[in-house]
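Some notes on the structure that comes next.
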Amino acid sequence: MSNHVIVDAFYLPNSIKLKNFQEKPIFVNGVNYLLRYPVIQKQELQEIAAAVKENRRTYLATLPTSEIVVKIDKAIQLWLNPDYPLRQLAESLVPAITGYDSDMVRLELKKYMRTFRKRELLRFLDEEFDQPAILDEFRPRKSGGMSRAFGPSTIFHIFSGNVPGVQLWSLVMGLLLKSAAIGKTSLSEPLLPVLFLQALKEVDEALAESMAVIPWKGGTVELEQAAVDWGEAVIVYGSNQTVEAIKKRTPVHKKLLSYGHKISMALIGKEALTADHFAKTLHKVAEDVSIYDQQSCLSPQVIYVEKDGALSPKQFAQGLAGELERYHLKRPRARLTGEEAMAIQNIRNQYHLKSLSSDKVAVYSSKEDTAWTVIYQEEPAFSGTPLNRTVHVYAIDKLEAAADLLKSYETYLQSCGLAVEPARLFSITSLLGAVGVNRFCPIGEMNSAKPGWHHDGGFNLIELVRMVDMERNLEYEMEKYDEDVE
Amino acid sequence: MKERAMAITNDILLFIDKYKEGFQELEEYEQDFNTLSLQLFNYQFQHNLPYKKYCQTKKRTPLTVKHWLHIPPMPIQGYKELTLSCEPADETEAVFMTSGTTNPEQKGRNYHPTLRVWDASMKYPFKQFVMPDKEKLTMLVLSPAEDLNKNSSLSRYLSNAVANFGTEDSKLLFKENGLDMEELIKELQKCEQKQEPVLLIGATFAYVHILDYLQEENLHFQLAEGSRIFDTGGFKGQSREVEMEELYQHFQAFFHVSRSKCINMYGMTELSSQLYDKTILSSCNGEVIHDKAGPAWVRTVILDPETLKPVEKGTKGVIAHVDLANWNSCIAILTQDEGVQTDEGFQLLGRIKGSEARGCSIAVDQLMQAAEGGASFS
Amino acid sequence: MNLQEKVVLVTGASRGIGAAIAKKFAAEGAFVIINYLKNKTLADSVVKEIEANGGQAAAIQADVQVEEQVANMITQIGDLFGTIDVVVNNALSHYTFNPKTRKTAWNISWEDYNSQWEGNVHGAYNVCKAVMPYMKEQTNGRIINIVTNLIELPVIPYHDYTTSKMALLGFTRNLAKELGVFGITVNAIAPGLTYPTDSSSETQESVRESIIHMTPMGRLAKPEDIAGSALFLASDLAAFITGQCIYVDGGLVMK
């Protein structure tokens, strides 16, 4: 009795016909879906790779950047309509697949998609290239001469699955650089890039033909090596283990962008803890911790709370506990595996036992489950958590001292949410920037990196292109070969 | 030892004596178990102050706990962090410590003001599960016994096994320099010649080294019928990891001991009792069952890692034990092992380590490497 | 059961409304601490009655007007149970509701007002201050303050008593606003004239009858009526109610 709606968790050029699939039924909102996952071997992957590369050569490579921007924008505009069928499909299925609360997914996706509108893409391009048309043709340089930027013809993207939609940013980068793409998605969230490409297909099918998105089990070396061999550039997201494994297998001459695991933190100054501010401050920090269940690198794992506010750091921890409980009631945290739950029980036990013999440690946690945990310590330090809404709160005399605590962890630092008065803003950002933090934002917005940001402190498009220079004198010298020149 | 401790240990010894061969009347047993466990809980709440604090923070006190399932289990990490002892910790007959790390600060400690209860708890189940069909066996002990390590519960266990149930030919083969491989071979040959059944008994990882040696020297033994092999404790980084199935195959090949005569003991420093495979016991009666079980004074419960509430039979979860013999520390403990309850007992599935989380979680040791001895961290 | 395993402190619970609240809560599964000032025998008998009915209770003596005594009492409770979930501030400075002998506006002294302030407001303040850390640790708590329907309609102007009870309502609302962040609700119950209680025994029959005539439900409150509303506010049913004042007087006052 099959009333199933088949949803393909992959996107391939029309010319590719796969034969082997695995199916996974999902029942959501009264509809029986059947998610189709492809089962491919090396040879099929190579066929796909050849197809997208060729499709790119005959079409995507010929488009001016401005036109690509317009087409992406059109696809996004489709998506910004709440009634758009693909959007509704995403809003139904992504929560079911990932376990995140459905309202959370709906709101975050909405916000995120807007960061790919034309105006933002233009910002993104202008941020990195003085003249974005440098991607299309030779353009004058300030230093004389001309240059042109060539994006890689092929990019192999390796996506992680923790936060829905992050894959899109990578694919859009590739489109702007006129690169063919093979995107390996994680089995834990393979759907959103597929739906995005389907939207793009509605706008310009030939454009979407240069893109392929396929899920397979991470560590399938045969497939990954084939794709690495094919890609002129490799972009990998994932744990340090994943990144190291890919690095080892990527020849030195290929461009490799890697985004490993990072830790973010928030700094709360006592000026944000006055009687009139503290409630809002607590509320915002709880948002930062709870969105996508803290799975993103941008979410804080550590909060430094300055002493001498109307709320003591310990009371802050208690208040944060209250806010996390209320957030959980509003947007329940996803169900975890036994291992993930046990990791939280372990860290709770570790500090709870300490708290029995010390006033300087306290653990506040959800009663009947592992939904949220706040670990308070009076002695400031730095330590990660198993995520899923588990956070350290440290008391600190002066926020500026956090720089000392963080300086040994430079390779892992990512974002810092701030709540400080204007007079301190620049000194704190300078201190922390020096030890490795590469993004500062207001609390409450930690999960929304703005378009054009330097991901992990690096450039984006610039890292991927090959700049070709025409030297200053070339033009002038060649003039004399024009018959008409005297 | 104080009078109150004498009284309580006597109660436990009576229980052990009454139920050492199991129970006839289920209801009576359940009542006796519940009564004694609540009595012990009350005792520990009064005298084990860190545990008392722990219970207060869990809002489970003798006033509010009416059934042994509600006694808050102490996570085994507590045995490292806290001094869990009803009697003064410096007035005990023995202190058993966990192995694993060399750092003495990080060892878990279980204090035994008297070893009477521990010894009694060990004795009957050993007979029942390891040698239900024999009064005495020649035992070849492959790991350090008590003479070499007073702080190891396994060492005392081995010494007790020999003292209670070993023939005069039994030998302690682990000397100060390590396992005396040559003497082991000699003893095995002796027993093989005499066709005398033998019990090989030691830590799991010891067998890896022995089998490697036998492989190198190309030695095999046809041990007599009734011989059996006892392992415990896992590999603990002391040898390479081997699949247990592979180990059992080697036991057959090198010792001629079949799977049905191999038994694993599940114990820990944090407990005062042990649990066993039912393999040997069941093989004497018919169909071989490998599930684990323990004596009547130990209850093993599988908890949902999310809620720490008991799960249904057949569902995986984290293992907790209530061991009435653990009177001086905490009768209820929460392990970091995963298991599943079955009709015949339970199956031990392995450690639940901290997970490889989906998101940007960075393991503590990775962070520590980054720090390279720099900033202090918790 | 509505209050299964909750730890509840009721001040002034040896008799009257306090005792009725204690008994009702115990019947719903709570562990009740019966605080009393002088009446040990009565307090113990409440405990016995609760235990006879299968509940659990303990009596602790403390003068709620003395901060140290309150601190000791709360520490004792924390030690026995680990925490406190619900507090009912019912104790009051002794007051006799006698319409004949009450002091008029021109005869009453500031000391009279102050004595009620000490009994009603300072007592509640001491208790709330002491339990707040426990409730914050749990990010959960219920505080219930007993005021009076006279604050809304002083059928008989008991100036000192009613003024202090109005202050107690202000106290309740401000705490409610500030403590919501920590998951603590703070509410008030305004009973009508309650019979039989010590305080109401001196109100003459004629006055009682005239009150009854004004009351839609046609009778005076019984202690059990007040206990019912307290139970509601203490339970999870009222988890989202705070800063409120429930009038339990058969409809005499409608607010």
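These protein sequences, in sequence, are chains G, W and A.
Everything in the first sequence is counted per my numbering, starting at 1 for the first residue and increasing by one.
Everything in the second sequence is counted per my numbering, starting at 487 for the first residue and increasing by one.
Everything in the third sequence is counted per my numbering, starting at 865 for the first residue and increasing by one.
Heads up, the beta-carbon is just placed ideally off N, CA and C, and yes, glycines get one too.
The structure displayed is predicted, hence computed values, not measured ones.
Fill in: chain G residues whose Cβ lies nearer than 9 Å to that of Phe1104 (chain A)
To locate residue 1104 (chain A), count along the third sequence from 1; it is residue 240. Within chain G, no residue comes near Phe1104 (chain A); the closest Cβ sits about 10 Å away, beyond 9 Å.
Practice prompt. Could you work out which residues of chain W lie near Thr370 (chain G), taking near to mean beta carbons separated by less than 7 Å?
Written response: Within the first sequence, numbered from 1, the residue matching residue 370 (chain G) stands at position 370. Chain W residues near Thr370 (chain G): Glu792.
Item to complete: Classify Phe426 (chain G) as helix, strand or coil using the three-state DSSP reduction.
Response: Counting from one through the first sequence, the residue named residue 426 (chain G) turns up at place 426. Correct three-state label for Phe426 (chain G): helix.
Item to complete: Compute the Euclidean distance between the alpha carbons of Leu406 (chain G) and Ala493 (chain W), then round it to the nearest angstrom.
Response: Indexing the first sequence from 1 puts residue 406 (chain G) at position 406. Indexing the second sequence from 1 puts residue 493 (chain W) at position 7. So the alpha carbons of these two residues sit roughly 55 Å apart.
Worksheet entry | Within-8 Å CB hit, Thr1003 (chain A) to chain G | As a working note, residue 1003 (chain A) is residue 139 in the third sequence. Taking Cβ atoms only, chain G reaches closer than 8 Å to Thr1003 (chain A), which makes this a yes.
Practice prompt. Taking C-beta pairs closer than 8 Å, name the residues in chain A that Leu549 (chain W) reaches, listed in chain order.
Written response: Residue mapping note: residue 549 (chain W) aligns to position 63 of the second sequence, counting from 1. Correct list: Phe895, Gln920, Leu944, Phe945.
Discussion item. With three or more C-beta pairs closer than 8 Å as the rule, is the segment 117-129 of chain G touching the segment 453-467 of chain G?
Written reply: Judged by Cβ distances under 8 Å, the segment 453-467 of chain G makes contact with the segment 117-129 of chain G, as three or more pairs qualify.
Discussion item. So, does the segment 173-182 of chain G touch the segment 153-161 of chain G, judging by three or more C-beta pairs under 8 Å?
Written reply: yes
Fill in: Residue interval of the beta strand (DSSP E) (run including His492 (chain G))
This structure cannot settle anything about residue 492 (chain G), because the visible part of chain G is limited to 1 through 486.
Item to complete: Measuring only between beta-carbons, confirm whether Asp1100 (chain A) sits less than 8 Å from chain G.
Response: To locate residue 1100 (chain A), count along the third sequence from 1; it is residue 236. No, no contact with chain G.
Worksheet item: Can Ala894 (chain A) and Ile1008 (chain A) be called in contact, C-beta distance under 8 Å?
Response: Looking up residue 894 (chain A) in the third sequence gives position 30. Looking up residue 1008 (chain A) in the third sequence gives position 144. Contact: no.
Worksheet item: Should Gly161 (chain G) be labelled buried (16 or more other beta-carbon atoms within 10 Å of its own) or exposed?
Response: Along the first sequence, one-based indexing puts residue 161 (chain G) at 161. The residue in question, Gly161 (chain G), is buried, as its Cβ has 16 or more Cβ neighbours within 10 Å.
Worksheet item: What number of angstroms, rounded off, separates the C-alpha of Arg1072 (chain A) from the C-alpha of Met1078 (chain A)?
Response: To locate residue 1072 (chain A), count along the third sequence from 1; it is residue 208. To locate residue 1078 (chain A), count along the third sequence from 1; it is residue 214. So the two alpha carbons sit approximately 10 Å from each other.
Fill in: Boundaries of the alpha helix (DSSP H) in which Gln472 (chain G) is found, first to last residue
By 1-based counting over the first sequence, the position of residue 472 (chain G) is 472. Per the sequence shown, residue 472 (chain G) should be read as Arg rather than Gln. First-last of the alpha helix (DSSP H) with Arg472 (chain G): 472-479.
Worksheet entry | Chain-order list of residues whose beta-carbon lies under 6 Å from that of Val7 (chain G) (same chain, five-residue window excluded) | Here residue 7 (chain G) is taken as the residue at index 7 of the first sequence, counted from 1. Counting only Cβ-Cβ distances below 6 Å, and skipping sequence neighbours, we find Tyr33, Leu35.
Discussion item. For Ile263 (chain G) and Val465 (chain G), what's the separation of their Cα atoms in angstroms?
Written reply: Here residue 263 (chain G) corresponds to residue number 263 of the first sequence, with the count starting at 1. Here residue 465 (chain G) corresponds to residue number 465 of the first sequence, with the count starting at 1. Straight-line Cα distance between these residues: approximately 28 Å.
Practice prompt. Have a look at Pro561 (chain W) and Ala9 (chain G) and give me their C-alpha separation to the nearest angstrom.
Written response: Taking the second sequence and counting its residues from 1, one reaches residue 561 (chain W) at position 75. Taking the first sequence and counting its residues from 1, one reaches residue 9 (chain G) at position 9. If you take the alpha carbons of Pro561 (chain W) and Ala9 (chain G), they lie about 42 Å apart.
Worksheet item: In the DSSP assignment, what residue or residues form a beta bridge with Arg595 (chain W)?
Response: The residue given as residue 595 (chain W) occupies position 109 in the second sequence. For Arg595 (chain W), which the question treats as bridged, DSSP gives the partners W:Met583.
Practice prompt. Using DSSP bridges, identify the partner residues of Tyr900 (chain A).
Written response: Within the third sequence, the letter at position 36 stands for residue 900 (chain A). Paired residue(s): A:Gln925.
Practice prompt. Check the Cβ-Cβ distances between Glu1069 (chain A) and every residue of chain W, and say whether any is below 8 Å.
Written response: Your numbering for residue 1069 (chain A) matches position 205 in the third sequence. False, the Cβ-Cβ gap to chain W never drops below 8 Å.
Worksheet item: Where does Ala321 (chain G) sit, in a helix, a strand or coil, going by DSSP?
Response: As a first step, residue 321 (chain G) is located in the first sequence; it is residue number 321 there, counting from the start. Correct three-state label for Ala321 (chain G): helix.
Practice prompt. Give a yes or no on whether the C-beta atoms belonging to Glu1124 (chain A) and Asn866 (chain A) are separated by under 8 Å.
Written response: In the structure as shown, chain A begins at 865 and stops at 1119. Residue 1124 (chain A) is therefore absent and cannot be evaluated.
Practice prompt. Over the uninterrupted alpha helix (DSSP H) stretch that includes Met173 (chain G), give me the two end residues.
Written response: Here residue 173 (chain G) is taken as the residue at index 173 of the first sequence, counted from 1. Its alpha helix (DSSP H) spans residues 166-176.
Fill in: Contacting residues, own chain, Cβ-Cβ under 6 Å from Ala233 (chain G) (five flanking each side not counted)
As a working note, residue 233 (chain G) is residue 233 in the first sequence. Excluding residues within five positions, the ones whose Cβ falls inside 6 Å are Pro152, Ile155, Lys255, Leu464.
Practice prompt. Kindly indicate the opening and closing residues of the alpha helix (DSSP H) around Asp103 (chain G).
Written response: For the purposes of this step, residue 103 (chain G) is identified with residue 103 of the first sequence, where counting begins at 1. Unbroken alpha helix (DSSP H) run through Asp103 (chain G): 102-113.
Fill in: Neighbourhood of Leu45 (chain G) by C-beta, 6 Å cutoff - its chain only, sequence neighbours within 5 removed
The count along the first sequence starts at 1 and reaches residue 45 (chain G) at position 45. Excluding its 5 nearest sequence neighbours in each direction, Leu45 (chain G) has C-beta neighbours in its own chain below 6 Å: Leu223, Ala226, listed in chain order.
Discussion item. Let me check one thing: in DSSP terms, what residues is Lys778 (chain W) bridge-paired to?
Written reply: Numbered from its first residue, the second sequence carries residue 778 (chain W) at position 292. For Lys778 (chain W), which the question treats as bridged, DSSP gives the partners W:Asp763, W:Phe832.
Discussion item. At the level of alpha carbons, what is the spacing between Ile806 (chain W) and Val1011 (chain A)?
Written reply: Residue numbering aside, residue 806 (chain W) sits at position 320 when the second sequence is read from its first letter. Residue numbering aside, residue 1011 (chain A) sits at position 147 when the third sequence is read from its first letter. Checking the displayed sequence, the identity of residue 806 (chain W) turns out to be Ala instead of Ile. Approximately 49 Å, taken between the alpha carbons.
Discussion item. Between Ala857 (chain W) and the ligand HEM, is there a pair consisting of the residue's CB and a ligand heavy atom that are separated by less than 7 Å?
Written reply: No copy of the ligand HEM appears in this structure; indeed no ligand is present at all.
Worksheet item: Of all the residues that make up the segment 882-894 of chain A, which are near chain W by a beta-carbon distance shorter than 9 Å?
Response: none
Worksheet item: Which class does Ala861 (chain W) belong to by DSSP, given the choice of helix, strand or coil?
Response: Residue mapping note: residue 861 (chain W) aligns to position 375 of the second sequence, counting from 1. Because the pLDDT at Ala861 (chain W) is just 40, under 50, the model does not fix this residue reliably, and the value given afterwards should be weighed accordingly. Correct three-state label for Ala861 (chain W): coil.
Practice prompt. Would you mind working out which of G:Val70, G:Leu191, G:Ala275 sits nearest Gly165 (chain G), comparing C-alpha positions?
Written response: For this step, residue 165 (chain G) is matched to residue 165 along the first sequence. Selected option, being the one with the closest Cα: G:Leu191.
Fill in: Neighbour-count burial assignment, Gly860 (chain W), 16 or more Cβ in a 10 Å radius
Mapped onto the second sequence, residue 860 (chain W) falls at position 374. Note on Gly860 (chain W): pLDDT 43, under 50, position unreliable in the model; no value is reported.
Practice prompt. Tell me whether Met1 (chain G) sits in a helix, a strand or coil according to DSSP, three-state version.
Written response: Your numbering for residue 1 (chain G) matches position 1 in the first sequence. For Met1 (chain G), the predicted model reports a pLDDT of 49, less than 50, meaning its position is unreliable; a value from the coordinates is still stated below. Three-state DSSP puts Met1 (chain G) in coil, outside helix and strand.
Discussion item. Please classify Phe567 (chain G) as buried or exposed, where buried requires at least 16 other C-beta atoms within 10 Å of its C-beta.
Written reply: Residue 567 (chain G) lies beyond the range of chain G shown here (1 to 486); nothing can be said about it.
Worksheet item: Where do the ends of the alpha helix (DSSP H) carrying Tyr412 (chain G) lie?
Response: As a position in the first sequence, residue 412 (chain G) is number 412, starting the count at 1. Tyr412 (chain G) -> no alpha helix (DSSP H), and no H or E assigned at all.
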